[in-house]
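In our numbering, the protein residues as written are -13 to 338. Glycine included, every Cβ here is placed at the ideal spot set by N, Cα and C. The structure displayed is predicted, hence computed values, not measured ones.
Here's what the structure looks like:
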């Protein structure tokens, strides 16, 4: 199956998708990026140094994505299949720096990789990156993504994933938004025992915008997909979730479930959600759900009635709402790191 990635060139405004494109109805890149960014010089050196909490460290920021496979090989051979991918982008004083790049990661039969992607940066920049993942039969890819970009950043991070029988692809995305931030994943699901999980949590405040778009196409029998996305939105921030599961004719026995839950913490916050199922096969188990609401006042009252100050009670309830996503990460050290990150970022939500 061909992936439907909208062509995008940061340095060609005619390629910018607008609200007239159905897939971009809630995220208008042309409005967020009114001026063409200056083409930035690639200044980062590839990191050959080693150890980042047990991960092999590879610096691929500023669009440098050409030699990812070499880093994967070193991680699989020398770091127990753990790769830290530093995708930090840096702007320049007085102008918007533009970065874009494309790379590919291939896992061979039976290989295992835990990939930690860190998207951060400083100053004003616009970035567009595309990653392609090929997961062979019996292989496992665990992808943990931290989107912690500056509030002035404009970024579009897209990926395609091709699975094989009995393979495993698990994705966990944690985001704080930016001026414009879109994370998009397209998966071709091989079925035949393959498992796909794509989870996410977002914590948005001020005027941040975050768009999490996923597309999963089941092409063969007996495939499973699970999705849980949870978020907190306050101030004038906007969250977008677009999830589509497409079950082709003949993909019988598919088990696909998608759930999105968000809390709007004040009247000015916005959540746009569009979960979709399109099914052309028989004997399937598919479901989707979407819930958008406010903080549970009865739970808040319960906490306060036990002597807990209101700000502490709010902190506890909001953090408890999103941590179930992180708690699904099987690697203990990585799970603890993400939970600490959530606790730190959630601090900005307590004072309403």
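What residue does the alpha helix (DSSP H) around residue i start on, and which one ends it?
{"i": "residue 330", "result": "318 to 332"}
{"i": "residue 62", "result": "54 to 64"}
{"i": "residue 15", "result": "15 to 18"}
First and last residue of the beta strand (DSSP E) that includes residue i?
{"i": "residue 260", "result": "256 to 265"}
{"i": "residue 99", "result": "98 to 105"}
{"i": "residue 243", "result": "241 to 250"}
{"i": "residue 112", "result": "111 to 121"}
{"i": "residue 143", "result": "140 to 148"}
{"i": "residue 129", "result": "126 to 133"}
{"i": "residue 92", "result": "83 to 93"}
If you draw a straight line from the C-alpha of residue i to the C-alpha of residue j, how long is it?
{"i": "residue 31", "j": "residue 83", "result": "Only weak support is given to the placement of residue 31: the predicted model assigns it a pLDDT of 47, under 50, and the question is left unresolved by the model."}
{"i": "residue 48", "j": "residue 76", "result": "7 Å"}
{"i": "residue 89", "j": "residue 319", "result": "27 Å"}
{"i": "residue 236", "j": "residue 227", "result": "28 Å"}
{"i": "residue 71", "j": "residue 292", "result": "44 Å"}
{"i": "residue 63", "j": "residue 0", "result": "44 Å"}
{"i": "residue 131", "j": "residue 241", "result": "25 Å"}
{"i": "residue 202", "j": "residue 302", "result": "34 Å"}
{"i": "residue 150", "j": "residue 59", "result": "20 Å"}
{"i": "residue 123", "j": "residue 207", "result": "15 Å"}
{"i": "residue 100", "j": "residue 232", "result": "27 Å"}
{"i": "residue 323", "j": "residue 102", "result": "11 Å"}
{"i": "residue 137", "j": "residue 161", "result": "12 Å"}
{"i": "residue 54", "j": "residue 159", "result": "20 Å"}
{"i": "residue 274", "j": "residue 126", "result": "25 Å"}
{"i": "residue 145", "j": "residue 306", "result": "29 Å"}
{"i": "residue 179", "j": "residue 129", "result": "19 Å"}
{"i": "residue 238", "j": "residue 272", "result": "11 Å"}
{"i": "residue 118", "j": "residue 91", "result": "6 Å"}
{"i": "residue 167", "j": "residue 96", "result": "34 Å"}
{"i": "residue 230", "j": "residue 7", "result": "16 Å"}
{"i": "residue 68", "j": "residue 165", "result": "31 Å"}
{"i": "residue 191", "j": "residue 268", "result": "43 Å"}
{"i": "residue 224", "j": "residue 184", "result": "21 Å"}
{"i": "residue 107", "j": "residue 143", "result": "14 Å"}
{"i": "residue 9", "j": "residue 175", "result": "20 Å"}
{"i": "residue 270", "j": "residue 155", "result": "20 Å"}
If residue i sits next to residue j, beta carbons under 8 Å apart, how far is it from one beta carbon to the other, in whole angstroms?
{"i": "residue 189", "j": "residue 308", "result": "7 Å"}
{"i": "residue 245", "j": "residue 213", "result": "7 Å"}
{"i": "residue 173", "j": "residue 147", "result": "4 Å"}
{"i": "residue 170", "j": "residue 199", "result": "4 Å"}
{"i": "residue 194", "j": "residue 163", "result": "3 Å"}
{"i": "residue 40", "j": "residue 65", "result": "7 Å"}
{"i": "residue 114", "j": "residue -4", "result": "5 Å"}
{"i": "residue 255", "j": "residue 219", "result": "4 Å"}
Return yes when at least one heavy atom of the ligand GDP lies under 7 Å from the C-beta of residue i, else no.
{"i": "residue 234", "result": "No copy of the ligand GDP appears in this structure; indeed no ligand is present at all."}
Per DSSP, residue i forms a beta bridge with which residues?
{"i": "residue 277", "result": "247"}
{"i": "residue 43", "result": "70"}
{"i": "residue 24", "result": "83"}
{"i": "residue 340", "result": "The structure shown does not extend to residue 340, since the chain is modelled only from -13 through 338, so no value can be given for it."}
{"i": "residue 78", "result": "81"}
{"i": "residue 270", "result": "None, per the DSSP bridge assignment."}
{"i": "residue 108", "result": "76"}
{"i": "residue 2", "result": "None; residue 2 has no bridge partner."}
{"i": "residue 396", "result": "Residue 396 lies beyond the residue range present for the chain, which begins at -13 and ends at 338; the question has no answer from this structure."}
**OP:** Write down every uninterrupted run of the beta strand (DSSP E) in the stretch 161 to 239 whose length is 3 residues or greater and which is fully enclosed by it, in chain order.
**Re:** Runs found: 166 to 175, 181 to 190, 195 to 204, 210 to 219, 224 to 233.
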